[in-house]
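The sequence shown stops at residue 76 when you use numbering that gives the first Met the number 0, and every number in between is there.
What follows is a single structure, written as structure tokens, with notes after it.
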Amino acid sequence: MKTVIELGVVLRARRKKLKLTQSELAMTCGTGIRFIGDLERGKPTCQIGKVLEVIQTLGLRIALDDKAQNVTQGVSE
């Protein structure tokens, strides 16, 4: 995932898969409906703490990879 828009698409798809409305997700996360909408539309200024709360609430997690290490491994293989 490279953009906040891609993140928003993934989060919206997960919310819909769980059959949650934006309102229900917002209430569960302790955020507002507007925040959920902004996040799903890929607004780049959403607060990271709230974003992480939404991700956790949806049963997802974030994994970070060292891009430089992956490039190096790809070259040596």
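By construction, the Cβ of each residue, glycine as well, lies at the ideal position given by its N, Cα and C atoms.
Keep in mind the model is a prediction, meaning the values are calculated, not measured.
I'd like to know whether the C-beta atoms of residue i and residue j end up nearer to each other than 8 Å.
{"i": "Arg13", "j": "Glu39", "result": "no"}
{"i": "Ile61", "j": "Ile54", "result": "yes"}
Return helix, strand or coil for residue i, following the three-state DSSP convention.
{"i": "Lys49", "result": "helix"}
{"i": "Asp37", "result": "helix"}
{"i": "Lys42", "result": "coil"}
{"i": "Ala12", "result": "helix"}
{"i": "Ile54", "result": "helix"}
{"i": "Met0", "result": "coil"}
Report back the beta-carbon spacing between residue i and residue j to the nearest angstrom; my notes put them in contact at under 8 Å.
{"i": "Cys45", "j": "Asp37", "result": "6 Å"}
{"i": "Ile35", "j": "Gln21", "result": "4 Å"}
If you drop the 5 nearest sequence neighbours on each side, which residues of the same chain put their C-beta closer than 8 Å to that of residue i?
{"i": "Thr2", "result": "Gly41"}
{"i": "Arg33", "result": "none"}
{"i": "Met0", "result": "Leu6, Val9"}
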